[in-house]
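One line per chain: the protein sequences are A and B, in this order. Just so you know, the first sequence maps onto residues 3 to 220 in our numbering. Just so you know, the second sequence maps onto residues 4 to 175 in our numbering. Glycine included, every Cβ here is placed at the ideal spot set by N, Cα and C.
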Amino acid sequence: MSASKSDKFEVRGINHMALVCSDLQETIDYYSGILGLPLVRRVELPDGGQQVFFQISDHSGISFYHFPDAPTAEPGIANSGWGGVDPNTGQQNRNTGRSGKSAHGSMHHVAFDIPLSEQEKYKERLRAAGIPCTEVNHHILYGSDGKQASHPSQIPDDAESIDEFVNSIYFPGPDGITLEFAGWTRPMVPDDVKHVPARAAQSPARPVVQEKRATARG
Amino acid sequence: MASRSKNFEMRGYNHIALVCSDMQNTVDFYEGILGFPLVKTLEFPGGGGQHFFFQVTEDDGIAFFYFPDAPAAAPGVASAGWGGSSIAGKAAPGAMHHLSFEVPLEKLPEYRDKLRAAGVEVSEITRHAPAVDGDSDDLFNAIYFKDPDGTVLEFSSYTRTLSEKDLAGAHA
Numbered sequence: 003m004s005a006s007k008s009d010k011f012e013v014r015g016i017n018h019m020a021l022v023c024s025d026l027q028e029t030i031d032y033y034s035g036i037l038g039l040p041l042v043r044r045v046e047l048p049d050g051g052q053q054v055f056f057q058i059s060d061h062s063g064i065s066f067y068h069f070p071d072a073p074t075a076e077p078g079i080a081n082s083g084w085g086g087v088d089p090n091t092g093q094q095n096r097n098t099g100r101s102g103k104s105a106h107g108s109m110h111h112v113a114f115d116i117p118l119s120e121q122e123k124y125k126e127r128l129r130a131a132g133i134p135c136t137e138v139n140h141h142i143l144y145g146s147d148g149k150q151a152s153h154p155s156q157i158p159d160d161a162e163s164i165d166e167f168v169n170s171i172y173f174p175g176p177d178g179i180t181l182e183f184a185g186w187t188r189p190m191v192p193d194d195v196k197h198v199p200a201r202a203a204q205s206p207a208r209p210v211v212q213e214k215r216a217t218a219r220g
Numbered sequence: 004m005a006s007r008s009k010n011f012e013m014r015g016y017n018h019i020a021l022v023c024s025d026m027q028n029t030v031d032f033y034e035g036i037l038g039f040p041l042v043k044t045l046e047f048p049g050g051g052g053q054h055f056f057f058q059v060t061e062d063d064g065i066a067f068f069y070f071p072d073a074p075a076a077a078p079g080v081a082s083a084g085w086g087g088s089s090i091a092g093k094a095a096p097g098a099m100h101h102l103s104f105e106v107p108l109e110k111l112p113e114y115r116d117k118l119r120a121a122g123v124e125v126s127e128i129t130r131h132a133p134a135v136d137g138d139s140d141d142l143f144n145a146i147y148f149k150d151p152d153g154t155v156l157e158f159s160s161y162t163r164t165l166s167e168k169d170l171a172g173a174h175a
């Protein structure tokens, strides 16, 4: 069992995130056939829909609904939309009319945790299975204002405060969902939490909360 | 944690990235009420927004984006929507319908009461999926509640081990 990080509830894992698909067979072929996840449960819904469950790890899984009369897909609202791999950068193309955003209360993308040492191998394995996959994005941060670089070669020679915490490869799942294989590059430390949480435009700022946090983390 | 994939060593969810309308409300809920520690904050240059990470277990996390110009909430398309006491309905292909955390079965009544005491609207305990052959063994029990942006969350527990008969297509 994976230990809960909550001090209030004994959460053992993400039992499932339930997504909606347009074609259940395509979804099974992808998640079982390509990602290798066992299909462990099928449910017939009262209205003619179906739900399936795949197991990811001992306490985490992923589930898909198929509704015969689901609303139309809305990339950019219902998920971030897959922009394809830009051949020049090796990263996800954000100039294809996809904003890279999605609506309040929506899923943007999904990252599975993998060993960092396997990332290059998994990139090749996905590509061999016919899945477009980005190069490794190192998510390097530098400078006082949090500039980002996807690869060490892009950092200016005089850059300061260079930091890296997670490396990722991105690839599309059925229905244009952006999937990610991510591995942490180092443990998180208290200084990793340093930004005042943004308020919705109409809400007043509450800087006092940040002071409380700083004290609590003492 | 052991991966169940035969092709990739997938240990869990590094993060499920969701979009929120107010990061402070999100921190208050996920860290303050659910107790998931906030472990990493990022701010995009030029007022582009924020990306905060919460840890759920050793191998699972969730993350939130805040974009100043994100599209408004779209329940029924971008999520299931909250029906007052439980999950309301459908969402579009490619959307997340709801998100379920696994908790110990015997804790469900206590957790329902604890969430309610924190001011969260919570469903009664729902028993799911009688077996195909008509006997009465539940597969899992769950309570439903919602986060500040209306995302339907679930605390669920299996009441028994999954078996071959669960692949036969039980009627919900």
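A Cβ-Cβ separation of about 6 angstroms places Ser160(B) in contact with Phe143(B) under the 8 angstroms criterion.
Taking C-alpha positions only, Gly92(A) is separated from Cys23(B) by approximately 29 angstroms. Per the coordinates, the alpha-carbon of Pro117(A) lies some 35 angstroms from the alpha-carbon of Ala77(B).
Take Asp63(B), set aside five residues on each side of it, and the residues of its chain with a beta-carbon closer than 6 angstroms to its own are Gly15 and Tyr16, in chain order. Minimum Cα-Cα distance from Val59(B) among the listed residues Gln53(B), Gly52(B) and Lys43(B) corresponds to Lys43(B). In the DSSP secondary-structure assignment, Pro174(A) is bridged to Thr180(A). For Phe55(B) and Leu45(B), the gap between their C-alpha atoms comes out near 6 angstroms. For Thr44(B), DSSP records a beta bridge to Phe55(B). Nearest to Phe47(B) by alpha-carbon distance, out of Leu128(A), Pro189(A), Gly185(A) and Ile142(A), is Ile142(A).
Two segments are said to touch when three or more pairs of C-beta atoms, one from each, lie closer than 8 angstroms; by this definition the region 7-23 of chain A does not touch the region 190-204 of chain A. For Asn10(B), the chain A residues whose Cβ falls inside 8 angstroms of its Cβ are Ile36, Leu37, Gly38 and Arg127, in order along the chain. Beta-bridge partners of Trp84(A) (DSSP): none assigned. Beta-bridge annotation (DSSP): Ile128(B) is not paired with any residue. It is roughly 14 angstroms from the alpha-carbon of Glu12(A) to the alpha-carbon of Glu34(B). Contact check for Glu76(A) against Val80(B) passes: the beta carbons are separated by less than 7 angstroms. Per DSSP, Tyr32(A) lies in no beta strand (DSSP E) and is assigned neither H nor E.
Beta-bridge annotation (DSSP): Cys135(A) is not paired with any residue.
Residues of chain B with a Cβ closer than 7 angstroms to the Cβ of Cys23(A) are, in chain order, Pro96.
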